[in-house]
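Under the working numbering, think of the first position of the sequence shown as 454, with each following residue one higher. Every residue, glycine too, gets a C-beta built ideally from N, C-alpha and C.
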Amino acid sequence: MKKLLITLVAMMFVNAIPTHAQRQTTRGIGVYPGRQSESFAPTLRRNFDYRNTALHRMVYHSSSLDANLTGQLVTDGTVYRGEPCRLQVSMPDGVVARRDAEKLLDGNVHTRLMVKGEDTFVQFDWTAMDVDIDAFDILAEPVYQPGRGTGGYAIDFLASNDGKTWTLVGGERGDGMPGEPTRHTGSNDPNKQEDPVRLPMRLVKKQIPFSKPGRYSHLRIRLHMTGCTYWRFYEARPMRHGREQLALPSSCYTSAWMSAGGADEWLMVDLGTPVIADRVVMHWIHPARRGEILVSKDGDQWQQIGDLGRIKVKGGVQTLRHHFTARYVKLMMRQPDPSGHYALSELQVMGRGGLSAIPAERQGMVHGRYYLNGGDWRLFRDGAADSVLATVPATALQSYINIGAVPNTNHADNLRMVSESFFHSDFTYTTIFDAPAEYEGRHVFLNFDGINWKASVRLNGHDLGRIEGAFMRGRFDVTGCLLPTGNRLEVRVERPAHFGAVKQKTTESTDMNGGVLGADNPTFHASIGWDWMTSTPGRETGIWNDVYLSANGGVSLADPLVDSRIDPADSLATMTPKVWVTNHRDTAVVATLRGWIGAIDFARQVTLQPRESREVTFSPDEFAQLQRQPMHLWWPVGYGKPHLYRAGFALLEGSEQIDSLHYQVGIRQMTYKEMGTRLQFFVNHRRVVPLGGNWGFSETNLCYRGREYDRAVRYHKEMNFNMIRNWVGQTGDRELYEACDRHGLLLWQDFWLANPWDGPDPYDNRLFMANAEDYIRRIRRHASIAIYVGRNEGYPPAELDSALRRQVDLLHPGLGYISSSADDGVSGHGPYRAVEAEEYFTSQSHRLHSERGMPNIPTIESLRRMLSPADLWPIGEGWAQHDFTQKGAQRGSTFLDMMQRRFGPAADARQFAEWAQWINYDGYRAMYESAQQDRQGLLIWMSHPAWPSMVWQTYDYYLEPTAAYFGARKACEPLHIMYNAHTRKVQVVNITPVTHCDMEALIETIDMRGRVIRTDSLWVDAYADATTDVAAVRMPDSLSVGYLRLRLYERGYLRSDNFYVQAATPECYSALKHLPVTRLTLRENFSRQGETWHGQLTVTNTSDTPTLMIRLCLKGDDGEQILPVVYSDNYFALMPGESRDVTVEFADEDRRDSQPHIEVSAFNGKAE
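Listed below in structure tokens is the structure:
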């Protein structure tokens, strides 16, 4: 109970936020979109009309029977009288656990049930739903004792509609063994609790027709096979007329909460604000025979106002008449009816003063486009008569979060409070708008930058057309149906067709990655659930990107490209600008197309036939001003500045401008070598060592906007990264590409194909390629695009692979394409767990490695934002919900083992988070330093978090850099001194194209108390694009633990420094816990320059003992952190008497009008 109450208090800050026009500060740490001008969430205000104040208010529950029948549904406004839809799966040893119950029906050929025995069964019992079946597709592997599988087999399907009388409706029998032989073997013990013996297995993959087709609510698969130890059952798909039938209960929405158990259970409604009420009405399906109705103003002190056992239930309705004022209403249930469960359809609290959603101001005209973002959009769930206020752009789920109907899904286990079946739906968006007066007499277009998954669009009763695929733009000519005022726009958004099942995380694992949603690609495949992001209700269905009107004179300009060729001898640029021109008129057009790149102008006459669309090219052979020009080139981080020119096109008919297009362009040339064997990247003919990370997803509910992209990409720049991988193409916002252009980050652009293990190939190649063509055209203007990649960790289907390669060649000439992210010229596949530094050095692939990672525990401040107080400590189920599991790819047990061996058991969450930063720093530094041996490049898994997670990130969801950030920043310096944990040598890495001669490498061996044991000064030439050995280093045998400090000077200027704790064994680290507590002083000076604050800090160790892992934390005078923030250094050590100067930078909008100051802490130090 306490866990949920604290959650509610935290949510107060999410729900009651003003519109973007009212404040200039951002909306709060971890609240996205953060900038007021980029958020179109409604305002929640008190409404004193007498009404049901619980309608669309968030609900918390003690348990729910499954992911569908959650507390959310008791305030959704729908009263349901029947039994809730649900599914129970059983085998001879009992009912299958909720986590596994849907695995045979989830469409994922890799999830499975182990069905044991020679004579066994799997039984499906649907309640309040049936499935229309004429055949079953099965995929299974029987594991059997050799020599005993000769007694024949039977696969029988028995059906029933009452669960008592069973009829044989189909099956297959034989004298031999089922299926086909396979080379694979299985353990004799499916749970691997005994010493394994490998046994042969068969592959059974077939469709079994039913002799008696029909609709059934009970189905049993009866299995017999002599000598069978167990069946690995992967799929059992019901079919009708060759089409898979929906059998998951999420496809059958019934508006009711149902408890998982029948003992003490509770349900609590947060009304969002204290209301003045006089009646509580409960619409029961299975009422509580005993229990209480409680109310509270603060979620802490509770008052009983009713006894559930004494209030009569009439026709399922139970009404308490009682005057009270409260924010929270709780039902405490003590005894169920004979069903053994509690089930409530609706809970109403009649009164005054509840919250109502007030729409944000419509964005309106910006740079010639009239944005329909914001305003009074309404959202209708399919089949519902009533609507809610929608946020556009946003997913349907985010709209419900914004009105307070469901809690913040990123906190604690709140995702499990949201109903999967409620959001397993199509949604219709409607709005009314006036046409801008500026568009009178012009051709007007309605534009959609992104919907998911498909949509039909109507304006004023006219069918405009379809948008199909999550990454397909929609553009409709509305000139003939647009009215001056009162235009009614209706967008019916269709959910993905293959939703799959919810993944349930446990302390052991996060469940299987991906699933059948891949069949619908292009879509947001990650939303089905991965080991770094929990299953998202709705799978991102909605209008997720901008909606706007645009106008021109009947001819459009779109999708520009400047194809640049740089002379390697003198760096002069020859440019070929291109742009798509479309004539929307029914008559031919003769016009002048003018273009410019900076101060360079060019123009030509174009003739377009009626309705013609084509690409117009300005060849440098025809336009001398485009040949061999001295341009400022665009360079990635570490190689130069990412210069951008203002560029554009304008189309003129006589003196009248028909249309224009403005953009920024970077002049650069991408080339490659050894693409099939050892991929090398070259920018402007200089080899670039790709260093960076994977972006699996922008933000779990697609809430990132320009501010967030700019801050996150800036963090990558500050880490000395030069490449971001857009994993499986899951991030589709232009703001990402613009930020990468601006900050000098190369983009590795995947297409929408996950690892073949993580889901099926797309079912519709035409849809896939239409999205691919449109997307290449959309992003090709960006200098940051470095390469296109067909599939994650595998090869695309041959048809798609060849089509993608053709489209890249045609639409984005000069850009490379490789088929797989982890094969041929590149490598991948992890590892993804924490390992000791030396292992990173000894496990190099000698190619660009696209995935390698480890957990990354956030700071205590972020852990407190992420978890409920009850889950904060010890590590348990709450941590698992945020991806820290003992097994799986992240293998949290190895992280814990490393910490245990070094420091012993942590006393609490704070100490654990502090010690974890040490593991974070050392591990992330080692990943990159080990990759510098060959300098082929490393993209870690991952650099960016999609939600509050404890794994695979360098900064956390709240945009706080962890120690991993600074370990990576250190290791990725262009000119870097380091220690090779395998060869035990000091090395200098130079990834720049410039040789640095006569550099001084200073190597110091220091004991635990700070006494310098040995100093070596050596001269070294740091050759361009080279790793140079400096000297072997060996810790004295007398030191069980000490420090290695490295410094690299160039003409007296410190170019790089590094600091390592050296221990004879991991256990020797524990001696550091006995260091005296040191004293640190801080000088800080903050100044504001425009919209940015700068801090100059000096930290001094005034003690005679080293201070380790010094952490600087920017806070306001309100005690809260200021985030995001750029530190020049953090998590560093100071020897006795040493000082360190550090700079800090942050945006004024993130300051909350508080005065900034730095809080200093350390492993063994305190600030004076």
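Collapsing the DSSP output to three states places Glu-1591 in coil. Beta-bridge analysis with DSSP links Thr-1045 to Gln-1058, Leu-1105. Rounded to whole angstroms, the Cβ separation of Pro-1609 and Gly-1572 is 12 Å, and the two are not in contact under 8 Å. Around the Cβ of Gly-524, a 10 Å sphere holds 16 or more other Cβ atoms; the residue is buried. Distance from the Cα of Asp-1478 is smallest, within the candidate group Ser-1470, Ile-1444, Glu-1304, for Ile-1444. Taking the Cα of Leu-1061 as reference, the smallest distance to any Cα among Phe-1076, Gln-1080, Phe-1071, Asn-1036 is reached at Asn-1036. With 16 or more neighbouring CB atoms inside 10 Å of its own CB, Asp-984 falls in the buried class. One alpha carbon belongs to Asp-930, the other to Ser-798, and they sit about 45 Å apart.
The closest CA to that of Asn-1583, considering only Lys-1526, Val-1530, Phe-1512, is found on Phe-1512. Nearest in C-alpha terms to Arg-1160, of all of Leu-1189, His-1169, Asp-1217, Asn-900, is Leu-1189. Ranked by Cα distance from Ala-1586, the first of Val-1578, Asn-863, Ser-1614 is Ser-1614. Take Pro-1414, set aside five residues on each side of it, and the residues of its chain with a beta-carbon closer than 6 Å to its own are Tyr-1408, in chain order.
Gly-1543 and Leu-1550 have their C-alpha atoms spaced approximately 20 Å apart. Per DSSP, the beta-bridge partners of Ile-661 are Phe-589. Val-1136 is bridged by DSSP to Met-1123, Arg-1139.
When DSSP reads this structure, Asn-940 sits in a beta bridge with Phe-886. In the three-state DSSP reduction, His-978 falls in the helix class (H, G or I). Annotation: Val-549 is outside any beta strand (DSSP E) and is labelled neither H nor E by DSSP. Per the coordinates, the alpha-carbon of Asp-609 lies some 31 Å from the alpha-carbon of Gly-971. Counted as a single uninterrupted DSSP element, the stretch harbouring Tyr-1584 is not any alpha helix (DSSP H), since DSSP gives it neither H nor E. Arg-732 sits in a strand when the DSSP states are folded into three classes. In terms of Cβ geometry, Trp-997 and Arg-948 do not form a close pair [threshold 8 Å]. Between Gly-806 and Phe-1221, the C-beta gap is not smaller than 8 Å, which leaves the two residues out of contact. For Ala-1323, the enclosing alpha helix (DSSP H) starts and ends at 1322–1325. The C-alpha of Phe-1071 is placed about 10 Å away from the C-alpha of Ala-1077. Glu-1246 and Asn-1208 do touch by the CB rule: their CB atoms are close to 4 Å apart, below 8 Å. Our two residues, Val-770 and Pro-1249, have alpha carbons roughly 56 Å apart in a direct line. Taken through DSSP and simplified to helix, strand or coil, Ala-1022 comes out as coil. The C-alpha of Thr-580 lies about 18 Å from the C-alpha of Leu-557.
Under the rule that a run must span 4 or more residues, the alpha helix (DSSP H) segments found entirely inside the stretch 1293–1341 read 1313–1319, 1322–1325, 1330–1334. Look at Met-1351 here: in three-state DSSP terms it is helix.
Here Ala-607 carries a strand assignment [DSSP, helix/strand/coil].
With 16 or more other Cβ atoms inside 10 Å of its own Cβ, Asp-1186 counts as buried. Pairwise C-beta distances place the stretch 1547–1561 out of contact with the stretch 1426–1436, as fewer than three of them are shorter than 8 Å.
Taking each of Ser-872, Gly-629, Asp-587 in turn and checking the Cα distance to Tyr-606, the smallest one comes out for Gly-629.
With contact defined as three or more Cβ pairs closer than 8 Å, the stretch 1209–1220 and the stretch 1229–1242 are not in contact.
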